[in-house]
């Protein structure tokens, strides 16, 4: 498109006519009678084409400002490039890019301005597709990031739950331990004896119990002091634990200087052997006990009882019988193992 310094069109080529669909506009009643429709000579509006088409800012409904029109600016001596112009045709919107440049005479006065229009529909579509794909990719990336965050959160939550479970297990373990000896405490002893009693009833297997008492422990405390007494109990507890081999056997502090051992699925004879091993292990410590009238070292009195539990009986009966055996061991002079027979026990 060529215009002179008086804003009069001198030439419009076929491609511009095709792009602007100019000939179809000439057929409209509004334009076919317009004085600018044939000779392009009228005013700046004719130069800008606003009598033949309406230009808008891209992606808006705002009319393209007259002062920003490329051809007018070129007639004022500017070199202009825009790609934000849209023409609203009858059935479509046409995006355009426009290059406009002035042509000067020898005095550097503007003689003409040339405007070149380019249909950039495909480019705009490609840009729109690129934006769409970029947005889609960003959405996918955001989803992946969110999934990664969720996975990390789930992993951290599982780790926290595992740590909490571990802490709870540790608390439960500590709640079941005697603070001084680190053996099972009396509460754990009662729970385990009840558990193994019921299992022995179900499976018809024997259950044995050992009760131990440190000989003349009160005299030991009076002679060596309570701190030495505590250390003595800790060493006795360790020796007992080492003498009891099976994982299912439970060594517990029964109270004061008394200890107990629960032996699941064990006959009385087997329990007596374990009891003797315990007594020997404590003697092997050679803990001095000058106040003892049995030996000058720490010794144990031990009572053993075993039974085949049956429905209608109670584990209290087993405890009572083992306690009676312990009483007999003490009355017989201490530092020995006594077994109390239970007639209900199967042979």
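In the UniProt record's numbering, the protein residues as written are 1 to 347.
Note that the Cβ used here is the ideal one computed from N, Cα and C, for glycine as well.
Please determine, among the options, the residue with the shortest C-alpha to C-alpha distance to residue i.
{"i": "residue 199", "options": "182, 309, 215, 94", "result": "309"}
{"i": "residue 123", "options": "235, 84, 175", "result": "84"}
{"i": "residue 333", "options": "151, 302, 146", "result": "302"}
{"i": "residue 214", "options": "311, 305, 327, 206", "result": "327"}
{"i": "residue 125", "options": "59, 210, 154", "result": "59"}
{"i": "residue 261", "options": "312, 188, 223, 311", "result": "188"}
{"i": "residue 311", "options": "269, 194, 276", "result": "194"}
Looking only at its own chain, which residues have a Cβ that is under 6 angstroms from the Cβ of residue i, when we skip the five neighbours before and after it?
{"i": "residue 94", "result": "87"}
{"i": "residue 278", "result": "240, 243"}
{"i": "residue 321", "result": "305, 340, 342"}
{"i": "residue 224", "result": "none"}
{"i": "residue 92", "result": "none"}
{"i": "residue 331", "result": "none"}
Report yes if the CB atom of residue i is closer than 8 angstroms to the CB atom of residue j, and no otherwise.
{"i": "residue 234", "j": "residue 299", "result": "no"}
{"i": "residue 4", "j": "residue 111", "result": "yes"}
{"i": "residue 185", "j": "residue 252", "result": "yes"}
{"i": "residue 237", "j": "residue 177", "result": "no"}
{"i": "residue 329", "j": "residue 317", "result": "no"}
{"i": "residue 319", "j": "residue 274", "result": "no"}
{"i": "residue 82", "j": "residue 101", "result": "no"}
{"i": "residue 219", "j": "residue 175", "result": "no"}
Taking just the CA atoms, how far does residue j sit from residue i?
{"i": "residue 232", "j": "residue 257", "result": "10 angstroms"}
{"i": "residue 140", "j": "residue 133", "result": "10 angstroms"}
{"i": "residue 69", "j": "residue 127", "result": "24 angstroms"}
{"i": "residue 136", "j": "residue 143", "result": "10 angstroms"}
{"i": "residue 166", "j": "residue 173", "result": "10 angstroms"}
{"i": "residue 116", "j": "residue 99", "result": "5 angstroms"}
{"i": "residue 29", "j": "residue 138", "result": "Caution applies to residue 29, whose pLDDT of 39 falls short of 50 and renders its modelled position unreliable; the model cannot decide the point."}
{"i": "residue 307", "j": "residue 245", "result": "21 angstroms"}
{"i": "residue 77", "j": "residue 13", "result": "22 angstroms"}
{"i": "residue 97", "j": "residue 109", "result": "26 angstroms"}
{"i": "residue 202", "j": "residue 259", "result": "27 angstroms"}
{"i": "residue 121", "j": "residue 151", "result": "44 angstroms"}
{"i": "residue 314", "j": "residue 179", "result": "29 angstroms"}
{"i": "residue 80", "j": "residue 73", "result": "7 angstroms"}
{"i": "residue 272", "j": "residue 325", "result": "11 angstroms"}
{"i": "residue 119", "j": "residue 17", "result": "12 angstroms"}
{"i": "residue 276", "j": "residue 268", "result": "12 angstroms"}
{"i": "residue 169", "j": "residue 153", "result": "24 angstroms"}
{"i": "residue 358", "j": "residue 131", "result": "The structure shown has nothing for residue 358, since the chain only spans 1 to 347."}
{"i": "residue 129", "j": "residue 107", "result": "48 angstroms"}
{"i": "residue 191", "j": "residue 145", "result": "50 angstroms"}
{"i": "residue 266", "j": "residue 255", "result": "24 angstroms"}
{"i": "residue 323", "j": "residue 212", "result": "9 angstroms"}
{"i": "residue 147", "j": "residue 171", "result": "35 angstroms"}
{"i": "residue 270", "j": "residue 156", "result": "50 angstroms"}
Between which residues of its own chain and residue i is the CB-CB distance below 8 angstroms, once the five residues before and five after are set aside?
{"i": "residue 62", "result": "56"}
{"i": "residue 294", "result": "215, 216, 333, 334, 335"}
{"i": "residue 264", "result": "196, 199, 200, 205, 207, 248, 249"}
{"i": "residue 105", "result": "111"}
{"i": "residue 103", "result": "110, 111, 112, 113, 114"}
{"i": "residue 222", "result": "291"}
Identify, in the order they occur along the chain, each residue of the same chain with its Cβ nearer than 7 angstroms to the Cβ of residue i, setting aside the five sequence neighbours on each side.
{"i": "residue 297", "result": "283, 286, 287, 288, 289"}
{"i": "residue 67", "result": "none"}
{"i": "residue 149", "result": "none"}
Determine, using beta-carbon pairs with one atom in the stretch 221-232 and one in the stretch 148-166, whether at least three such pairs fall under 8 angstroms.
-> no
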